[in-house]
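Number of protein chains: 2
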Amino acid sequence: MTTAISKARVSKELIFREAAILFQRKGYQATSMRELATQVGLEVSSLYSHIRSKQEILERICFDNAEQFIKGLEQIELGICNPASQMQDILGLHIDRASIDPSSITVFNDEWRQLDEPALTRFIQLRKNYESRLLFILESGIEQGVFKRLDPQILLLTILSIMRGVHHWVKSTKSDKAEEIKKVISAIMLDGLLFGK
Amino acid sequence: MTTAISKARVSKELIFREAAILFQRKGYQATSMRELATQVGLEVSSLYSHIRSKQEILERICFDNAEQFIKGLEQIELGICNPASQMQDILGLHIDRASIDPSSITVFNDEWRQLDEPALTRFIQLRKNYESRLLFILESGIEQGVFKRLDPQILLLTILSIMRGVHHWVKSTKSDKAEEIKKVISAIMLDGLLFGK
DNA sequence: TATATTTACGAACACTTGTTCGTAAACTGA
DNA sequence: TCAGTTTACGAACAAGTGTTCGTAAATATA
């Protein structure tokens, strides 16, 4: 009867993807569902045919990424028990993930505080667990004499800081040179940094 | 006539201090003026006897810190023109400021995106200027053969990442060991990092 | 084809947001 | 003491928030 213009239907995935981009640009709180709707090409209320709530989007982004990192770490832990190469692999893991999906990672890094309870506590728990496993590798490396004898806690935080920053310069460096970045950071972190030649 | 219970009057400074703490904990957008009011011990409307707007608070926090860093950098630039010691001083500058006022620095680092125009553009401009001056020091160091010949852009971003993370572990490390942190990070950044002995 | 399920919509709701206004109290300086 | 200024308050406002609901169209299933 009416002209049958087939409206391009929208997938759940698209919503999460666009949400990640908006959350990255403006932050979770500053992004409205109406904004997300127009970005996706829907009316606000239509979003709720796909998702339960705004929080659900944030939770999915955060915990999906958490899962990826945990799985990656498990692989590394099961590999050769060599702290130096393990650390290098962990660097690679973070840089790769930041390259693959920068906006999602940014939300994971910066917006997890906006999680409601009980998700927030659960997330922090995962994070703590992940970090303590990194700490273990660092301590092992120190004990084995392969890492310098520095405060492992501070070492850990330094490394995490660098990794939390990777997504920033995935964008600011022109080409898609994840490999280049990996090389430079490894050079800085492992081989020694600036000084000398 | 009535019982003269003197209401403890509130200073502008207190408002900015408490705001920084709240903005740090929950983010700028997630912090309401009503929340800030009760934290300060006032009713909402009373806040506006002291400040013009919520944005003004954020602007002041961001630009005050920017000014501090710029002034600090100027001092360093005017000092001995030795890239290695200059970098060390810059590390010290960031660590000191993060130790002195962690919440303010956190807002400066993480919440500046919530600035409205035209403050946002102005802030980004300041930041760009600051970073390009750091880049210059790095490039000088490379040219003089005192830094390794690595992509200075990536070097810069790595260093900035570390500094953006400092405020996190000022809290998580027990004692107030800014000096200890300075030593470890310098060791990592300048002398060489993990490997070897 | 007819039926059931998924997706899209407009309107509305209850609530929170930052901010303003008029006014009264508290303080300051003479 | 009195005038003038600063500070605090309650009430209210307009705008924006996430979300719900009933319904209709589109798609899938049979």
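Same order as they appear, the protein sequences are chains C and R. What the first sequence shows, in the numbering used here, is residues 1 to 197, in sequence order. What the second sequence shows, in the numbering used here, is residues 1001 to 1197, in sequence order. Glycine included, C-beta positions come from ideal geometry on N, C-alpha and C.
- Per DSSP, C/A187 lies in no alpha helix (DSSP H) segment and is marked neither H nor E.
- Taking C/H94 as the centre and dropping the five residues before and after it, the same chain places the C-beta of M163, V166 closer than 7 Å to its C-beta, in chain order.
- Here the alpha carbon of C/I185 sits roughly 31 Å from the alpha carbon of R/R1025.
- Excluding sequence positions up to five before and after C/I80, its CB lies within less than 8 Å of the CB of Q86, all in the same chain and listed in chain order.
- In the three-state DSSP reduction, R/F1147 falls in the strand class (E or B).
- Along the region 25-42 of chain C, the positions whose C-beta sits under 7 Å from a C-beta of chain R are G27, Q29, A30, read in chain order.
- One Cα belongs to R/E1117, the other to R/L1126, and the distance between them is close to 14 Å.
- The residue among R/N1065, R/I1021, R/E1018, R/D1096 with its C-alpha nearest the C-alpha of R/K1182 is R/D1096.
- In this structure, the CA atom of R/S1132 is about 42 Å from the CA atom of C/S53.
- For the pair R/F1063 and R/F1123, the CB atoms are nearer than the 9 Å cut-off.
- Rounded to the nearest whole angstrom, the C-alpha separation of R/I1142 and R/D1089 is 17 Å.
- By the 16-neighbour rule on beta-carbons within 10 angstroms, R/G1041 is exposed.
- The C-beta of C/V107 comes no closer than 9 Å to any C-beta of chain R.
- Our two residues, C/A187 and R/E1018, have alpha carbons roughly 42 Å apart in a direct line.
- Using a Cβ distance threshold of 9 Å, C/L73 and C/L134 count as a contacting pair.
- 9 Å or more divides the Cβ of R/I1015 from the Cβ of R/I1061.
- Interface with chain C (9 Å Cβ-Cβ cutoff): R/L1135 is excluded.
- Here DSSP, grouped into helix, strand and coil, assigns R/L1120 to helix.
- Out of C/E180, C/N129, C/S103, C/L78, the CA that lies nearest to the CA of C/E67 is found in C/N129.
- Chain-ordered listing is empty here: chain R has no CB closer than 9 Å to the CB of C/H94, the nearest sitting near 11 Å.
- Residues of the region 112-129 of chain C with a C-beta less than 8 Å from any C-beta of chain R: R113, Q114, listed in chain order.
- If you look at C/E35, you'll find it in the alpha helix (DSSP H) that goes 33-40.
- The three-state secondary structure of C/K54, taken from DSSP, is helix.
- R/Q1029 sits close to C/A30, with the two beta carbons spaced by under 9 Å.
- Between R/E1139 and chain C, the shortest Cβ-Cβ separation is not below 9 Å.
- Taking a Cβ-Cβ cut-off of 9 Å, the neighbours of C/S161 in chain R comprise S1161, I1162, M1163, R1164, G1165, V1166, H1168, W1169, given in sequence order.
- Classified as buried, C/V170 has 16 or more neighbouring CB atoms from the shown chains inside 10 Å of its CB.
- When secondary structure is reduced to three states using DSSP, R/Q1029 falls in the coil class, being assigned neither helix nor strand.
- For R/D1110, the C-beta contacts it makes with chain C under 8 Å involve D110, in order along the chain.
- Within chain C, W169, T173, E180, I181, V184, I185 have C-beta atoms less than 8 Å from the C-beta of R/I1154, given in sequence order.
- Of the other Cβ atoms in all chains shown, 16 or more fall within 10 Å of the Cβ of R/L1156; this residue is therefore buried.
- Flagged as an interface residue toward chain C: R/L1150, by a C-beta distance shorter than 9 Å.
- About 35 Å separates the beta carbon of C/E139 from that of C/F23, a gap too long to meet the 8 Å contact definition.
- In the three-state reduction of the DSSP assignment, C/G72 falls in the helix class.
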